[in-house]
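See structure below.
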Amino acid sequence: MNKSYYYDVTKWNVGDPFEDVGIVINSIIKDIKAKQNNSDSNNGGKPGAVIYLPPADYHLKTQVKIDISFLKIVGSGHGFTSSSIRFNVPKEEWADLHELWPGGSRILNELSADKEKSEEEMAAFLVKRQGDPRISSVEFSNFCIDGVHFLDDGSDEPNFENTYVNGKTGIYVASAQDSFKFTGMGLVYLEHGITVYNADALTIHDNFVAECGNCIELRGWGQASKVTDNLIGAGFKGYSIYAENFAQLLVTANNIFPRGKSIIHLKAVTRSLISNNILHSFYPGMVILDDNSSENMVTANHFLRDHEPWKPMQIHDNHLQDDFGLLSIKGNDNSIIGNHFSEIIDEKYLKPAGVELVIIRVKAGSRNYISNNYFVAAEANAKTGESAYSAQVDSLLLVEDRKQLGIVTVYIDDLANANTVLDSGSDLQVKLDKAKNAFRAVPTI
11 MNKSYYYDVT KWNVGDPFED VGIVINSIIK DIKAKQNNSD SNNGGKPGAV IYLPPADYHL
71 KTQVKIDISF LKIVGSGHGF TSSSIRFNVP KEEWADLHEL WPGGSRILNE LSADKEKSEE
131 EMAAFLVKRQ GDPRISSVEF SNFCIDGVHF LDDGSDEPNF ENTYVNGKTG IYVASAQDSF
191 KFTGMGLVYL EHGITVYNAD ALTIHDNFVA ECGNCIELRG WGQASKVTDN LIGAGFKGYS
251 IYAENFAQLL VTANNIFPRG KSIIHLKAVT RSLISNNILH SFYPGMVILD DNSSENMVTA
311 NHFLRDHEPW KPMQIHDNHL QDDFGLLSIK GNDNSIIGNH FSEIIDEKYL KPAGVELVII
371 RVKAGSRNYI SNNYFVAAEA NAKTGESAYS AQVDSLLLVE DRKQLGIVTV YIDDLANANT
431 VLDSGSDLQV KLDKAKNAFR AVPTI
């Protein structure tokens, strides 16, 4: 019997990987299970396998179902390129573009869209296994999953490729698991990039997940995991990073760019760390600690909120008003220390007109500690443009002397008490009940 556990999809004897790579990978997994059918052989028995995707386009019409541990699916290039920019270039100009589609080791999720199908059914890769022990050490590395097209969702969006809706998911992990890894992946034009339920010791590192309706979603519950060193950017309807019922989650060194409705949204998350991230958004509600998220630390992050400079996307926003806060908190005992906030926007774009512009808002909770944060608020004087790249870079690099905006740096709602605000705004910039909260103002010149 052939004891090799390394498989090249282009050399496998079942199916055509260029026509339907799903059939090929499912057949390989079946072979692995046939070879590794003894759970205890010479102190081993099921070492797992590697499935290799050489650089090419692989159409996927059959869902890949993974129910074995110690499996690595790996390619030779994440292949990300902006489909959004191309789909907003007039078609008559496409002939002059160097390339039209994402590349590398690329899987095209071509599962047929159907409103009756669930997210689980529309995933290119479904990881699901019941029983003990939990499925462990499945890795996805260095290849691209492309949803190809978005669909008309009945909205006012004139170009359906800008809706971020197609029902498709890149990778859907439905079962509780241990020590999964997502590294070096490229995910584009999927309604859901990576969705993981019930994660333990999960690593999502060094991926490029962008132009997806939602990028990274950690659902159910989880612990002791990390989302680090990724490039991420969701659509205006979804989350860039979402986590619920999680403890000890590390979100560090990510560069998260527009235009997600929220950049990081934590719901009932405890004892976790958001640090050293570059966060950029066109809307308020950049980071949300919700549903009694408590004992978390948000530190050494750079927040930038400005106005959408690219014309095709200016009709969209996340429907939050500018008094919501760039950072919104409902929870207890959180530390918000040493962050930089830049609000660079012309007053005419604030919603509603005349609203107080709020940066940090504590809506509910006690004993939150807000200290030594720095705030810049100024008009942008930026121009909009037809080019997504040049318009955005021009606006980011503009640092000329501008009119300063009046802001509320920290707003403590009446439902919150016993919070501490130190050196995070002047006496005029911080709004709280001093009888119920501790406050030390930044001196004014």
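According to our numbering, the sequence shown holds residues 11 to 455 in order. Don't be surprised by glycine CBs; every beta carbon is placed ideally from N, CA and C. Note that this is a predicted model, so its numbers are computed, not measured.
Extent of the continuous alpha helix (DSSP H) to which residue i belongs
i, result
"G180", "G180 -> not in any alpha helix (DSSP H); beta strand (DSSP E) instead, spanning T179 to V183."
"R96", "S93 to F97"
Per DSSP, cross-strand counterpart(s) of residue i
i, result
"F153", "In DSSP, F153 forms no bridge with anything."
"G232", "A209 and F256"
"V308", "I284 and I346"
"T238", "H215 and T262"
"H159", "Beta-bridge pairing links H159 to no other residue."
"T193", "S151 and H215"
"D50", "Paired residue(s): none; D50 is not in a bridge."
"H69", "L118"
"D188", "S146 and D210"
"E126", "Answer is none; E126 lacks a bridge partner."
"E109", "The partner list for E109 (beta bridge, DSSP) is empty, contrary to what the question assumes."
Under 8 Å between C-beta atoms of residue i and residue j
i, j, result
"E254", "T205", "no"
"L367", "A388", "no"
"S381", "D433", "yes"
"C222", "G196", "no"
"D210", "N240", "no"
"P64", "S92", "no"
"V84", "S189", "no"
"L161", "A123", "yes"
"V31", "V24", "no"
"L314", "I369", "no"
"G58", "F80", "yes"
"G335", "Y421", "yes"
"I288", "I273", "no"
"D343", "R371", "no"
"F135", "I61", "no"
"Y293", "N328", "yes"
"V137", "S94", "no"
"D316", "A390", "yes"
Extent of the continuous beta strand (DSSP E) to which residue i belongs
i, result
"A244", "L241 to A244"
"N483", "Outside the shown range of the chain (11 to 455) lies residue 483, about which nothing can therefore be said."
"R116", "S115 to N119"
"Y16", "Y16 to D18"
"F292", "Neither: F292 is in no beta strand (DSSP E) and is coded neither H nor E."
"K489", "For the chain, the structure presents residues 11 to 455; residue 489 sits outside this window and is missing."
"Y174", "No beta strand (DSSP E) holds Y174; DSSP gives it neither H nor E."
"G141", "That residue, G141, is in no beta strand (DSSP E); it is neither H nor E in DSSP."
"Y62", "A59 to L63"
"L81", "L81 to G85"
"L200", "Counting along the chain, L200 falls outside any beta strand (DSSP E), and DSSP gives it neither H nor E."
"S381", "Y379 to S381"
"K75", "V74 to I76"
"F385", "Y384 to A388"
"V297", "V297 to D300"
Cβ distance (whole Å) where residue i is taken to contact residue j below 8 Å
i, j, result
"N286", "N311", "7 Å"
"I242", "H275", "About 13 Å separates the two Cβ atoms, so there is no contact after all."
"Y199", "E227", "Y199 to E227, Cβ: 16 Å. No contact."
"I42", "Y68", "In fact, because the Cβ distance is near 19 Å, the residues do not count as touching under 8 Å."
"F385", "T419", "5 Å"
"I325", "D163", "Between D163 and I325 the Cβ distance is about 14 Å, and since that is not below 8 Å, they are no contact."
If we require 3 or more residues per run, which beta strand (DSSP E) segments fall completely within the stretch 402–454?
418–422, 430–432 and 448–450
Please give the ranges of any beta strand (DSSP E) in the stretch 311–371, keeping only runs that are unbroken, at least 3 residues long and fully inside the region.
DSSP runs (the beta strand (DSSP E)) wholly in the stretch 311–371: 312–316, 337–340, 345–347 and 350–354.
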